[in-house]
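**Q** Below you will find the structure I want to go over with you.
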Amino acid sequence: MANVHDFKATTIDGEEKSLGDFAGKTLLLVNVASECGLTPQYKGLEELHRKYKGRGFSVVGFPCNQFAGQEPGSDEEIKSFCESRFDVTFPLFSKIDVNGDERHPLYAHLTGEETTPDGPGDVKWNFAKFLVDKNGNVVARFDPAAEPTDKVVTKAIEEAL
């Protein structure tokens, strides 16, 4: 049975990377956007990343322009925006589709998993969050509106660590 570690994606710097490189880490995979009402969540995502990275945790961002064209920039522009506006240090990947015919295989896997509190199916909007355990299994999914530092999210992260 496939897990997150079986997939590859292109980093925001253009290098192919196996998600197997994250084996042994708990991950929060998030489809991000720079021009969304939820964009301020970058602050909370970076806060989580810094708080838990010493315990084997990483936020991983996947820019996506499928929701009202809210991520129109190039990879270079996205990276610059994230670093200058939110001091993002967590890994970012190249822009991908998370729904539809061109959906990245990773997101085909993520959206097909039985998850709570948000269930399987297409990503609803920017900043949907998938929690992945150290073995690459999806253990929780959170609605885009869920703040990264919400107690429900941090409790799930702590349990997965």
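With my numbering as the guide, the letters of the sequence shown map in order to residues 142 to 302.
Quick reminder that beta carbons are idealized off the backbone N, C-alpha and C, glycines included.
Since we're looking at a predicted model, the values are computed, not measured.
As a quick exercise: from GLY155, GLU217, LEU168 and PRO285, pick the residue whose alpha carbon is nearest that of VAL145.
**A** When only C-alpha atoms are compared, the closest one is LEU168.
**Q** Please work out which residues of its chain come closer than 6 Å, Cβ to Cβ, to GLY210, disregarding the five sequence neighbours upstream and downstream, and give them in chain order.
**A** The answer is none, since no qualifying residue turns up.
**Q** Okay, do the segment 201-219 and the segment 263-274 touch, 3+ Cβ pairs below 8 Å being the bar?
**A** A contact exists between the segment 201-219 and the segment 263-274.
**Q** If GLU254 sits next to VAL279, beta carbons under 8 Å apart, how far is it from one beta carbon to the other, in whole angstroms?
**A** Indeed they touch by this definition, with Cβ atoms about 4 Å apart.
**Q** The alpha helix (DSSP H) that contains ALA227, what's its start and end?
**A** Sequence inspection shows Phe at residue 227; the Ala mentioned does not correspond to that position. Element bounds for PHE227: 216-227.
**Q** According to DSSP, is GLY202 part of a helix, a strand, or is it coil?
**A** In this structure, GLY202 counts as strand in the three-state DSSP scheme.
**Q** Would you mind working out which of PRO246, GLU212, LYS184 and PHE271 sits nearest THR256, comparing C-alpha positions?
**A** The shortest Cα separation from THR256 among PRO246, GLU212, LYS184 and PHE271 belongs to PHE271.
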